[in-house]
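Participant: In our numbering, the protein residues as written are 12 to 948.
(1) Can you find the residues in the same chain that come closer than 6 angstroms, C-beta to C-beta, to residue 284, ignoring five residues on each side of it along the sequence?
(2) Which residues does DSSP list as the beta-bridge partners of residue 613?
(3) So what does DSSP say about residue 581, is it helix, strand or coil?
(4) What separation, rounded to the nearest whole angstrom, lies between the Cα atoms of residue 834 and residue 230?
(5) Using the Cα positions of residue 601 and residue 916, report the straight-line distance between them to the nearest angstrom.
(6) Could you please give the first and the last residue of the uninterrupted beta strand (DSSP E) stretch that includes residue 725?
(7) Could you name the residues of the same chain whose beta carbon sits closer than 6 angstroms to that of residue 443, not counting the 5 residues immediately before and after it, in chain order?
(8) Alpha carbon to alpha carbon, how far is residue 583 from residue 645? Give it in angstroms, no decimals.
(9) Who are the near neighbours of residue 929 in its chain, counting only those whose CB is closer than 7 angstroms to its CB and skipping five residues on each side?
(10) Using C-beta distances below 7 angstroms, list every residue in its chain close to residue 63, excluding the 5 sequence neighbours before and after it, in chain order.
(11) Which of helix, strand or coil does DSSP assign to residue 939?
(12) Distance, Cα to Cα, residue 940 vs residue 688?
(13) Tell me which residues share the same chain as residue 607 and place their Cβ nearer than 8 angstroms to its Cβ, disregarding the 5 neighbours each side in the sequence.
(14) Whose C-alpha, out of 919, 881, 923, is nearest the C-alpha of residue 906?
(15) Please say whether residue 823 and residue 832 have beta carbons closer to each other than 7 angstroms?
(16) Three-state secondary structure (DSSP) at residue 194?
(17) What is the DSSP secondary structure of residue 523, counted as helix, strand or coil?
(18) Output the distance between the C-alpha atoms of residue 411 and residue 577, rounded to the nearest integer angstrom.
(19) Return the chain-ordered ranges of every beta strand (DSSP E) run that is complete within the segment 215-285 and spans a minimum of 3 residues.
(20) Please state whether the Cβ-Cβ distance between residue 420 and residue 637 is less than 7 angstroms.
(21) Quick one: is residue 178 buried, meaning 16 or more other Cβ sit within 10 Å of its Cβ, or exposed?
(22) List the endpoints of the continuous alpha helix (DSSP H) containing residue 119.
(23) Could you please give the first and the last residue of the uninterrupted alpha helix (DSSP H) stretch that includes residue 709?
(24) Sort 147, 174, 679 by Cα distance to residue 871 and report the nearest one.
(25) I need the straight-line Cα distance from residue 770 to residue 304, nearest angstrom please.
(26) Starting from the C-beta of residue 571, find all residues in its chain whose C-beta is less than 6 angstroms away, skip the five residues before and the five after it, and write them out in chain order.
(27) Please report the straight-line C-alpha distance between residue 530 and residue 269, rounded to a whole angstrom.
(28) Looking only at its chain, what residues have a beta carbon closer than 6 angstroms to the beta carbon of residue 330, apart from the 5 residues adjacent to it on each side?
(29) For the segment 93-106 and the segment 451-463, state whether three or more C-beta atom pairs, one from each stretch, are separated by less than 8 angstroms.
(30) Go ahead and pull the three-state DSSP assignment for residue 381.
(31) Residue 820 and residue 157: beta carbons closer than 7 angstroms?
(32) From 439, 732, 664, pick the residue whose C-alpha is nearest to that of residue 750; which is it?
(33) Suppose the cutoff is 8 angstroms on Cβ atoms and the five residues either side in sequence are ignored; what does the same chain contact list for residue 484 look like?
(34) Can you tell me whether residue 129 is buried or exposed? The criterion is at least 16 other CB atoms within 10 Å of its CB, across all chains shown.
(35) Among 505, 427, 561, 575, which one has its Cα closest to the Cα of residue 893?
(36) Under 8 angstroms: do the segment 648-658 and the segment 714-732 share three or more Cβ pairs, one atom per stretch?
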């Protein structure tokens, strides 16, 4: 409450003796008497005479009461979250985050691949993708909504993300589609086609396929043969209808709505859409468990995916949180044990992840490895050895602090944008329950190292081990039987066969540093928390320091911090291609003020995660950290930039890691085709170089070359500092930023070659993998002219290509000199000519048949939603601000970009005529046909 200051009235310039005499004047007494008489007359007039009644004041107008929400049986609030249960068993979670442009609706259905009958493989996919009719999908597109469908082993999710103003309409549409009685022939036909495209998209990544296969194996089931496009077409209407009737019930359905939403509107929309949806008996698993714990098969991808984990019984809450710490110690962050052993030190794998999934009946702990095919056995042995260490060794206090902090950060990252947040809330409610999950933060604080070790020793035993290997197409076939595999495991890692480990045999891990972190703020027990919405981005100019852009958003539990420098890749040449990437990697691990990896250790113990940025026009570092520790983590990020150490050993180690990652990226056919297309379009410009540099060049870079590049780039300019997320005003623009960057001299300009596209680009071809890929890259205007209308054109191209039999994507990437419109088509081997023909036809029709007003409006709606989704996350918005600055735009344009693109006029026909297949750079990858996926007998 503001204090009001009341100043006394001045009496003018009359002397005091004159004022005193005036008060005693007889004339003044006469004036008082006349005023009193007048007041008495007024009172006699107003007071009613005897027998009269005074007019009664009108009764107060009561605001109309809102009608009760139909079927609402239970409601509870915790902070910004609201839990509701309806009388038919449907559960709803609402997460309010005001200031966001989007709202997301996730419907999680209680069926997955594990519920498919053996006679109808693919039924879950066909039903999930056929729930929405073509008219309903068109209605979603008209509303500017994007739809993501995920089918797992035990659950299926439908997530629609749309402008917040359309939340109620989108929620009603999804729920009415799910609650619809019956499953028709048109739905099956459309669902089979959509499922085929979605399955095709999963083939190159292999993570979704291998995860679902492992979960089914852990549940006691395995698919007789891998799915394919023909599997979905073979699902009969009778089988799909029976599967739909048996598995879609409100008791097994969870809805989560997040973003800038109205709680009452969300409750009413869900209630109206599901009023007549009555519960059904729970479906029975159609087949008995197979009992196998090891399975291997080959797929079409270029890398081998291993899913290794444990099928566990129901866990107590403290055990579940302890196993979460085990997952974090193994695979969360760059300093996690498996990440260090497999990715950083030995380059056996390019990716490591660990996840615990628990329900009231059972649980699974799964570790995912993306490994080199020839190093599969070694990666599995090291993974089992790392798990065994956790069973026998108590974590040090520093490592325990790092694991807990990374778990807190991971929870915040999963809720950073509306769509991920809705999926997170639906998943936790269907597994352990929302209120139980919210209390896990307090449980996490109370668990010590011995409890973690004891739970790991109890549950992570060889008798519960389940392994699924999804080998690359080029890998030699596995010949293990399940019995032979576990016999080999016992020989290579004999400690895993010991079921019970007495506490007296446990040892302590080597001591590590514990950082002084601020305590986590305690969550309130109940009630709504009124958090202010995000503020517009503000710029803070410092006297001798960098330019700082801050967008406070107190509702977010994390802060994204970016330090960005201009140049990097686009000032490289054939001799230095890759030096920026190498320099950034060395700086993250080697500092003059810390021991090797010491700075990275402290950042992760504060609950931060560091990543490098190496875009075409700028480079730098991005840090995501839990909000209470943002200031301490920012101080270390300044030290990382200003005090690096480029000693020979550190440069050599990072050079070897970079060369290994270059080789790994080459196995990705889609990424290879995109680079070949850019190389075809810009044969003599850095825009055509591989993002990680050229192997022949990187192999020759030494510590002197990296040191000189640092002096010529970072030491010759001040960064742009961007801060987005849970902060207030300029709180984080501290002395570390205003005085932390010392520059003797700065450059006012950079020397760079002009990006001139080739007049007649030559197609570049390669052979890799088992799929045909065609990539077309078109040059667009750069700088301020690389506006978001090109993103709408990419969406328009993608919509036109949906009618083709293959999978196509189209996206736009702005840049300072030349932007890029990239179209990629994927298909089976021998389909390359048809892919090329389809893309050429779509490009030629742009000038012959420009987008109509309705077509452009739909494309602009879709592009606006995609842009809003990209900037809904704190890190995405931080990167978008930096991109805008280096393109010559105002940072505030990022905040209004979705609205601007909806109002933008279509590109002129003159511009569309320049977009032809002849002007595009082409990257073509021919895949080899895999005769037959081979599985172990």
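Note that beta-carbon positions come from the ideal geometry of N, C-alpha and C, so glycine has one too.
Facilitator: Working from what's here:
(1) Only 183, 186, 187 meet the Cβ criterion.
(2) Answer by DSSP bridge pairing: none, since residue 613 is not bridged.
(3) For residue 581, the secondary structure class from DSSP, reduced to helix, strand or coil, is helix.
(4) Going from the Cα of residue 834 to the Cα of residue 230 covers about 40 angstroms.
(5) Within the model, the alpha-carbon separation for residue 601 versus residue 916 is close to 50 angstroms.
(6) From DSSP, residue 725 is part of no beta strand (DSSP E); its letter is neither H nor E.
(7) Result list for residue 443: 369, in chain order.
(8) Those two C-alpha atoms are separated by around 29 angstroms.
(9) Close CB contacts of residue 929 within its chain, under the 7 angstroms cut and outside five residues either way in sequence, are absent.
(10) Its pLDDT being 43, under 50, residue 63 is placed unreliably in this model, and the value from its coordinates should be taken loosely. Taken in chain order, the list of residues that qualify is empty.
(11) The answer is coil: DSSP assigns residue 939 none of H, G, I, E or B.
(12) Computed Cα separation, rounded: 23 angstroms.
(13) Excluding positions up to five away in sequence, the list reads 600, 601, 661.
(14) Nearest option by C-alpha distance: 881.
(15) The Cβ atoms of residue 832 and residue 823 sit closer than 7 angstroms to each other.
(16) Residue 194 sits in coil when the DSSP states are folded into three classes, being neither helix nor strand.
(17) DSSP places residue 523 in the coil class of the three-state scheme, outside both helix and strand.
(18) So the two alpha carbons sit approximately 38 angstroms from each other.
(19) Every unbroken stretch of the beta strand (DSSP E) spanning 3 or more residues and falling wholly within the segment 215-285 is given here in chain order: 265-270.
(20) Their beta carbons are under 7 angstroms apart, which means residue 420 touches residue 637 by this criterion.
(21) By the beta-carbon neighbour count (other beta carbons within 10 angstroms, threshold 16), residue 178 is buried.
(22) Membership of residue 119 in any alpha helix (DSSP H) is not indicated; the residue belongs instead to the beta strand (DSSP E) covering 113-120.
(23) Note, residue 709: alpha helix (DSSP H), 706-709.
(24) Here the closest residue by C-alpha is 174.
(25) Residue 770 and residue 304 have their C-alpha atoms roughly 58 angstroms apart.
(26) For residue 571, same chain residues with a beta-carbon under 6 angstroms away, outside a window of 5 residues either side, are 635, 735, 736, 885, 886, 889 in chain order.
(27) In this structure, the alpha-carbon of residue 530 lies about 28 angstroms from that of residue 269.
(28) Only 466 meet the Cβ criterion.
(29) No, because fewer than three Cβ pairs between the segment 93-106 and the segment 451-463 fall closer than 8 angstroms, the two stretches do not touch.
(30) In this structure, residue 381 counts as strand in the three-state DSSP scheme.
(31) Not in contact: residue 820 and residue 157 (Cβ atoms no closer than 7 angstroms).
(32) Of 439, 732, 664, the residue nearest in Cα terms is 732.
(33) Taken in chain order, the residues that qualify are 309, 310, 311, 312, 313, 780, 781, 939, 941.
(34) Here residue 129 is exposed. Its C-beta has fewer than 16 other C-beta atoms within 10 Å.
(35) It is 575.
(36) Proximity of the segment 648-658 to the segment 714-732 meets the contact definition, three or more beta-carbon pairs being nearer than 8 angstroms.
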